[in-house]
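See below for the structure under consideration.
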Amino acid sequence: MTKALFARVLPLAALLYATAPYAAEPTSSQPASTQTASSETARGDAKAGRALVYTCGGCHGVPGYENAYPHYHVPRIAGQNHDYLVAALTAYKKGERAHPTMRAQGESLSEQDIANIAAYLSSLTP
Amino acid sequence: MKKTIVLLIACSFSAAAFGAASEPLEKIKEKAKTCAACHGEDGNATANGMYPRLAGQYHDYLAQALHEYKSGERKNAIMAGFVSTLTEAEIQGLSDYYGAMPGKLDDLAHHEQGSD
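Residue numbers (the working numbering), protein chains in the order written: chain A, 66 to 191; chain B, 1283 to 1398.
And the structure:
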């Protein structure tokens, strides 16, 4: 019974996921916390992401590399969760997160680029 | 005399440094139960990809993120609510606690372009 229900619901759910980014384009009036990342929607291409991530290595690729003013380590992003990476990069792209370098990077990325980067980074294991 | 002054200054600096992170581990573990609901007991947040992994992240980056949620520079209603209840010492304690946990997070250096 449960299996049969799943079989019927799953394709519908997949369709919803696939169309969600177009249907639920977040508007600027929505607070950041209620926005859901494009997540499963536009599952990126990890291979394409790998090429894009070349730029990230300048800061995130140097173990112990530190941000200046304020002073803290640039975060470890390899192996981070997919949807969180999408949400964070999208927030930088929209100017909802303030870090100047990351905002500039975010602005240069398309939604597909972000999906690709998230797919690659989340696939990494130490 | 000069040595004594230098020693006194050094002591006051170290006292200030330790003062911020002197919460007992038991208290931090108690506070961390709230975080565990989304970020996982082991800080690896595997249940839902929306929540970041904290285990093995740089402790000072975690503290920076918590400060940004507290100041409103980073906007997230859920995190803002939690962080508003934290003292500076608790922010440092939780950051150290999760930063020291083993996890999947890594620097990109070990994943140069063209390798996995």
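Glycine included, every Cβ here is placed at the ideal spot set by N, Cα and C. On a predicted model such as this, the values are computed, not experimentally measured, just so you know.
Residue i classed as buried or exposed, judged by whether at least 16 other C-beta atoms fall within 10 angstroms
i, result
"B:TYR1380", "buried"
"B:LEU1472", "Chain B is shown from 1283 up to 1398; residue 1472 of chain B falls before or after that span and cannot be answered."
"B:LEU1307", "exposed"
"B:LYS1315", "exposed"
"A:ALA143", "buried"
"A:ALA133", "exposed"
"A:GLY109", "buried"
"A:ASN146", "buried"
"A:THR166", "exposed"
C-beta contact flag for residue i and residue j at 7 Å
i, j, result
"A:ILE182", "A:GLY126", "no"
"B:GLU1305", "B:GLY1375", "yes"
"B:ASP1389", "A:PRO128", "yes"
"B:LYS1311", "B:GLU1372", "no"
"B:TYR1343", "A:HIS138", "yes"
Chain B contact for residue i (CB, 7 Å cutoff)
i, result
"A:GLY144", "yes"
"A:ARG108", "no"
"A:PRO140", "yes"
"A:ASP178", "no"
"A:LEU189", "yes"
Interface flag, residue i vs chain A, CB-CB below 7 Å
i, result
"B:MET1275", "For residue 1275 of chain B there is no data in the structure shown, the boundaries of chain B being 1283 and 1398."
"B:SER1296", "Confidence at B:SER1296 is low in this model, with a pLDDT of 48, below 50, so the placement of that residue should be treated as unreliable; the coordinate-derived value is given next. No, B:SER1296 does not count as interfacial toward chain A."
"B:HIS1321", "no"
"B:ASP1324", "no"
Anticipated Cβ contact below 8 Å, residue i with residue j, distance rounded
i, j, result
"B:LEU1387", "B:ARG1335", "6 Å"
Give the residues from the segment 1353–1369 of chain B that approach chain A closer than 9 Å (Cβ to any Cβ), ordered along the chain. For the segment 1353–1369 of chain B, which is checked against every Cβ of chain A, the residues closer than 9 Å are GLU1355, ARG1356, LYS1357, ASN1358, ALA1359, ILE1360, MET1361 and ALA1362.
Mind checking the segment 111–126 of chain A against chain B and listing, in chain order, the residues whose C-beta falls within less than 8 Å of any C-beta there? In summary, the residues of the segment 111–126 of chain A whose CB is separated from some CB of chain B by less than 8 Å are ARG115, ALA116, VAL118, TYR119, CYS121, GLY122, HIS125 and GLY126, in the order they occur in the chain.
Please name the residues in the segment 1376–1391 of chain B whose beta-carbon is closer than 8 Å to at least one beta-carbon of chain A, in chain order. Listed by position, the residues of the segment 1376–1391 of chain B near chain A (Cβ gap below 8 Å) are GLY1385, LYS1386, LEU1387, ASP1388, ASP1389, LEU1390 and ALA1391.
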